[in-house]
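Colleague:
Chains as they are written, first to last, in the working numbering: chain A, 2 to 429; chain B, 988 to 1187.
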C-alpha cells in the first residue's frame, strides 16, 4: 500500500512536461511575429510555484516585445523582488531536489539571466525616454555583479554588454569618468569571455581616455587597437548619435540527455543531464543605414555563449548531486524490496527512473545575441533602415526603422527583434 | 498507530492547504506609522527628509533678507529632483511633500510648475472663448518665480555576505532665478543597515 503510494506520487510528479517542451507554442507565435499572442499564451500559464521567476521573465520580455514598456518594467520589478527572496535557501526544496529531481527547486535564474533583467529593464526605460531611471538600473547592475563575483569567489560568468550599456547610459548624462570605468570593465569582460571586442567600444575607450587625460592608457589603446580615426569627445558633443540594437533569434534551449556515470563502488547509475541546443542563427551580419551613411553592426552580447558557459560551470556540482541522488534512490528500492518483496522494489525502481529528469529550465525568450551599432551624425531627421544578410551573403530582409531624430549631444536609441520560423537546432 | 499518524498528517496538510488560500487581510494604519519592509526608500523617508529640509530652508538668512529688502514673501518654484540613486524612487511624492510643507509655512509663495502651468494656460485660452467678460482671467498676469528649488538623491550602497548598508544623501539647492546665485544648500543623510536571512 505504502509502496504504491510512493510510486504514484513519483509518477504524478514526473507527469509534468519539462519546461522547455511546453515552450513550443510561444516560440511558434514569436516566429510569426505575434508577440501579443505569445504574451497571452504565457499569461495563461501564470505560475506562482517553482517556475514563477521564469513566468515573470518571459512575461516581461513579451510585454516589451509588444511595446508595453511600462508594464514590462513592473513585471521586471516583481522578478527582482522574487530573485532577492529566492537567495535564501529553502531546506524543503533542497530535500526535494536530493530525493526526486532538480526541478523540485524554485528557479532562481542563472547569473547571466539575473543581469539580463537589468539590461532589459534599462532598455525599457530608455525606450520611455527615462535615462535617469535607466541609470538606476546601471547602478543595480554594478551591485549585482559585485555580489555575483563575491558569491562565486571571482570565477563567475559575467556579461560584458551589461557594462557596455551602463557606459552608454553614463555618457548620455555626461558622466565621463563613470562611463570610462564602465567601458574599461566591458573591455576586460569581452576579453575574458573570448568575445570579439566591438569596434565601437574601442573608439569609446580611445575617445574617453584621451578626454580624461589618461595619456598612458590612451597610448596603450592606440597601440593595441590600431584604429585610424576616432572622433574626439568635443566633436561628438556637437553631434548626435544613433544607437541601434537588434535582438536576434532566441536563447539556446535545454534538453535532457541520459548519461551513465560510474558511482564509487563501480556501480553504473543512469542520470539525466541538461544539454543546450542552439536556436537557429539567421542573420550572419547586418548593416545600419541612416540617411546616406551606413555602418556594420557587431555582436555585442551573446546569450548563447553565456548560457553554455554558465551550464558548464555548474556541471561538476550537478553530477555530484545526481550521483548522490541515484545512490539514495537505489538504497530506498533495496530497502523496499527487502521488506515488501522484489515486485515492490521494482516498482520503486521504475518510479525513481521516471522521476529522474534533468532540470531543463532557462529563460527562453532572451535573444540568442544582440547585434549593435552606434553612429554619430549631425542633428536632423533621417530615414533609417537595417539590412540583414544570411550566411551566403544574401539579403534576408530590409527592416525599415522609423525616421530618426538626431539631437545635438544626445543619443537616440532604436531596437528591433528578429525571430523567424524554426528550422533546426544544433547542439554545438 | 500508523493509521493514526497518517490521519493526523492528512488533516494537518489539509488545514495547512486551506490556510494557504485564505483571503487578503487589510489593516488601515496611520500614515505617520514607520514601517520598514524591504529597506528601500519609502514614504517615511520622503516625509522625514522633506519636513527637515523645509524647516531648515525657512530658518536661514536668505528668507529674512529677501523679506526685508522686498517687503513681500519670495515666490518659489520646485524644479527637478533628480534620482541618481540605486533605486527607482518616486520623486513626485517627494516633491509634493516639499511643496506642501513650504506652502503651509506661509513664509513663501508658490507658483505652479511648468507642466501645471501649461494646463492652466489652456484653461485661460478656453476662458477667452467661452467665459463671460466679468469672470474671465486674462493672459499675461502670471507671477514669475524668484527662486527655484532643485535637488538630487544619491546613494552609496555596500554589501558583504548577508549584511547591506544603504546610505542616502539628499541635496537640495535654492537658486535665485535673477542671477543664478545659490542662496541655500540643504543636505540630509539617511543610513540603513539590513540583515538578510539565510533560509526561507
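For glycine and all other residues, C-beta sits at the position ideal for the given N, C-alpha and C. Being a predicted model, the structure only gives us computed values, none of them experimental.
Are there 16 or more other CB atoms within 10 angstroms of the CB of residue 2(A), so buried, or fewer, so exposed?
Modeller: Here residue 2(A) scores only 46 on pLDDT, less than 50, and its place in the model should not be relied on; the value that follows carries that caveat. It is exposed - the Cβ of residue 2(A) has fewer than 16 other Cβ atoms within 10 Å.
Colleague: Are the beta-carbon atoms belonging to residue 1037(B) and residue 1071(B) less than 8 Å from one another?
Modeller: no
Colleague: Please return the same chain residues whose Cβ sits closer than 7 Å to the Cβ of residue 381(A), not counting the five positions on each side in sequence.
Modeller: Closer than 7 Å at the Cβ level, and outside the excluded window around residue 381(A), lie 407.
Colleague: Mind checking which residues open and close the beta strand (DSSP E) that includes residue 1158(B)?
Modeller: 1150-1163
Colleague: Are the C-beta of residue 1070(B) and some C-beta of chain A separated by less than 8 Å?
Modeller: yes
Colleague: Quick one: using the 10 Å Cβ neighbour count with 16 as the cut-off for buried, is residue 1089(B) buried or exposed?
Modeller: By the neighbour-count rule (16 or more Cβ atoms within 10 Å), residue 1089(B) is buried.
Colleague: Beta strand (DSSP E) containing residue 229(A): first to last residue?
Modeller: Annotation: residue 229(A) is outside any beta strand (DSSP E) and is labelled neither H nor E by DSSP.
Colleague: Could you compute how far the alpha carbon of residue 1068(B) sits from the alpha carbon of residue 1024(B)?
Modeller: 24 Å
Colleague: Thinking just about the alpha-carbon of each residue, which of 59(A), 39(A), 169(A) is nearest to the one in residue 48(A)?
Modeller: The shortest C-alpha separation from residue 48(A) is found at 59(A).
Colleague: For residue 404(A), which three-state DSSP category applies?
Modeller: strand
Colleague: Would you say residue 133(A) reaches chain B, if we count a Cβ-Cβ gap shorter than 8 Å as a contact?
Modeller: yes
Colleague: Please state the DSSP three-state secondary structure of residue 1008(B).
Modeller: Confidence at residue 1008(B) is low in this model, with a pLDDT of 44, below 50, so the placement of that residue should be treated as unreliable; the coordinate-derived value is given next. Of the three classes helix, strand and coil, the one that applies to residue 1008(B) here is coil, per DSSP.
Colleague: Between the alpha carbons of residue 271(A) and residue 33(A), how many angstroms are there, rounded?
Modeller: 39 Å
Colleague: Among 52(A), 247(A), 229(A), which residue has its Cα nearest to the Cα of residue 415(A)?
Modeller: 247(A)
Colleague: Taking the alpha-carbon of residue 256(A) as reference, which of 278(A), 244(A), 269(A) has the nearest alpha-carbon?
Modeller: Taking only the C-alpha atoms, the option nearest residue 256(A) is 278(A).
Colleague: Which first and last residues belong to the beta strand (DSSP E) in which residue 1075(B) is found?
Modeller: First-last for residue 1075(B): undefined, no H or E at that position.
Colleague: Quick check: the region 1093-1107 of chain B against the region 1171-1182 of chain B, are there 3 or more CB pairs under 8 Å?
Modeller: Judged by pairs of C-beta atoms under 8 Å, the region 1093-1107 of chain B does not touch the region 1171-1182 of chain B, as fewer than three such pairs exist.
Colleague: Along the region 133-159 of chain A, where does the CB come closer than 8 Å to a CB of chain B? Name the residues.
Modeller: Residues passing the 8 Å Cβ filter: 133, 134, 136, 137, 140, 141, 144, 147, 148, 151.
Colleague: Within the same chain, show all residues whose beta-carbon is closer than 8 Å to that of residue 1117(B), passing over the 5 residues directly before and after it, in chain order.
Modeller: none
Colleague: Would you say residue 73(A) lies against chain B (beta-carbon separation less than 8 Å)?
Modeller: Interface flag for residue 73(A) against chain B is unset, since no Cβ pair is found closer than 8 Å.
Colleague: Assign residue 404(A) to buried or exposed, taking buried as 16 or more other Cβ atoms, counted over all protein chains shown, within 10 Å of its Cβ.
Modeller: Using a 10 angstroms sphere on the CB of residue 404(A), the tally of other CB atoms stays under 16, which defines it as exposed.
Colleague: Which two residues bound the contiguous alpha helix (DSSP H) that contains residue 356(A)?
Modeller: 343-356
Colleague: Quick check on this structure: which residue in 253(A), 55(A), 346(A) has the alpha carbon closest to the alpha carbon of residue 312(A)?
Modeller: 253(A)
Colleague: Under a three-way DSSP split, which group does residue 173(A) fall into?
Modeller: In the displayed model, residue 173(A) falls within a helix according to three-state DSSP.
Colleague: Consult DSSP for residue 360(A) and reduce its assignment to one of helix, strand or coil.
Modeller: Here residue 360(A) sits in coil by DSSP.
Colleague: For residue 1066(B), which residues from the same chain have a beta carbon less than 7 Å from its beta carbon, with the 5 sequence-adjacent residues on both sides left out?
Modeller: The residues are 1135, 1136, 1137.
Colleague: Quick check: residue 284(A) and residue 372(A), are their CB atoms within less than 8 Å of each other?
Modeller: yes
Colleague: Could you tell me whether the Cβ of residue 1074(B) comes closer than 8 Å to any Cβ of chain A?
Modeller: yes
Colleague: Specify, as a first and last residue, the run of the alpha helix (DSSP H) that residue 261(A) falls within.
Modeller: It is not in any alpha helix (DSSP H) - residue 261(A) instead sits in the beta strand (DSSP E) that spans 254-263.
Colleague: Under 9 Å Cβ-Cβ, which residues of chain B neighbour residue 183(A)?
Modeller: Per Cβ cutoff of 9 Å: no residues; residue 183(A) is ~15 Å from chain B at best.
Colleague: Of all the alpha helix (DSSP H) runs that stay within the bounds of the region 189-254 of chain A, which reach a length of 4 or more residues?
Modeller: 200-212, 216-226, 234-239
Colleague: Suppose the cutoff is 6 Å on Cβ atoms and the five residues either side in sequence are ignored; what does the same chain contact list for residue 159(A) look like?
Modeller: 190
Colleague: Against chain B, does residue 49(A) count as a neighbour if the rule is that its beta carbon must be under 8 Å from one of theirs?
Modeller: At least 8 Å separates the CB of residue 49(A) from every CB of chain B.
Colleague: Looking at C-beta atoms only, is the number of pairs between the region 360-378 of chain A and the region 293-310 of chain A that lie closer than 8 Å three or more?
Modeller: Remark: three or more beta-carbon pairs, one from each stretch, lie closer than 8 Å, so the region 360-378 of chain A and the region 293-310 of chain A are flagged as touching.
Colleague: I'd like to confirm the pairing. Which residues does DSSP put opposite residue 302(A) in its beta bridges?
Modeller: 371(A)
Colleague: Determine the DSSP secondary structure at residue 379(A), reduced to helix, strand or coil.
Modeller: Residue state, collapsed to three classes: coil.
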